[in-house]
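Notes to accompany the following structure.
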Amino acid sequence: MKKKSNPNKPAPYDLKKQWHWGRGMRQLRIADYLKDGRLLVPGEYTGEGPATDDGTGALRTVGGIQVGSADYETGMMWVGRKLRDGDLPGKPKS
7 MKKKSNPNKP APYDLKKQWH WGRGMRQLRI ADYLKDGRLL VPGEYTGEGP
57 ATDDGTGALR TVGGIQVGSA DYETGMMWVG RKLRDGDLPG KPKS
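Here you go:
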């Protein structure tokens with residue numbers, strides 16, 4: 007007999023579907039990137055163009071892609087740049 011799935015059961019957590027998967031993360035001070043009272047992160051840190059705070063603490067590009075998060079209580083933000091070939095070390099040569 008085939009088991010039916012439970013619609014009330016939450017889906018398993020999939021790390022690869024999270025915004026930070028495949029990104030090189032760095033922590034930066036918010037005060038260093040405030041321009042006229044607005045948070046603006048340069049595209050060189052995101053790899054996808056400049057990003058701003060969307061009002062909820064998420065840093066998003068113009069296209070709506072989340073590339074970081076800001077915590078105004080601590081004054082710090084996490085910004086992730088998409089990993090590219092060569093960013094991570096290769097396998098050791100034997």
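Per the numbering used here, the sequence shown starts with residue 7, numbered consecutively. We put the beta carbon where it would ideally sit given N, CA and C, even for glycine.
Supposed contact pair residue j and residue i - C-beta distance, whole angstroms, cut 8 Å
i      : j      : result
Val-85 : Glu-54 : With a Cβ gap of about 11 Å, Val-85 and Glu-54 do not count as contacting.
CB of residue i within 9 Å of CB of residue j, strictly
i       : j      : result
Leu-137 : Ala-76 : The question about residue 137 has no answer here: the residues shown for the chain are numbered 7 through 100.
Met-83  : Arg-29 : no
Gly-49  : Ala-37 : no
Arg-87  : Tyr-39 : no
Arg-44  : Asp-60 : no
Gly-92  : Tyr-78 : no
Run of the alpha helix (DSSP H) containing residue i, from where it starts to where it stops
i      : result
Thr-52 : 49 to 52
Limits of the beta strand (DSSP E) - the one that residue i falls within
i      : result
Gly-43 : Neither: Gly-43 is in no beta strand (DSSP E) and is coded neither H nor E.
Gln-33 : 29 to 35
Ala-57 : 57 to 59
Subject >> Contained beta strand (DSSP E) runs [length at least 3] in the segment 66 to 96, N- to C-terminal order >> reply: 72 to 77 and 82 to 88
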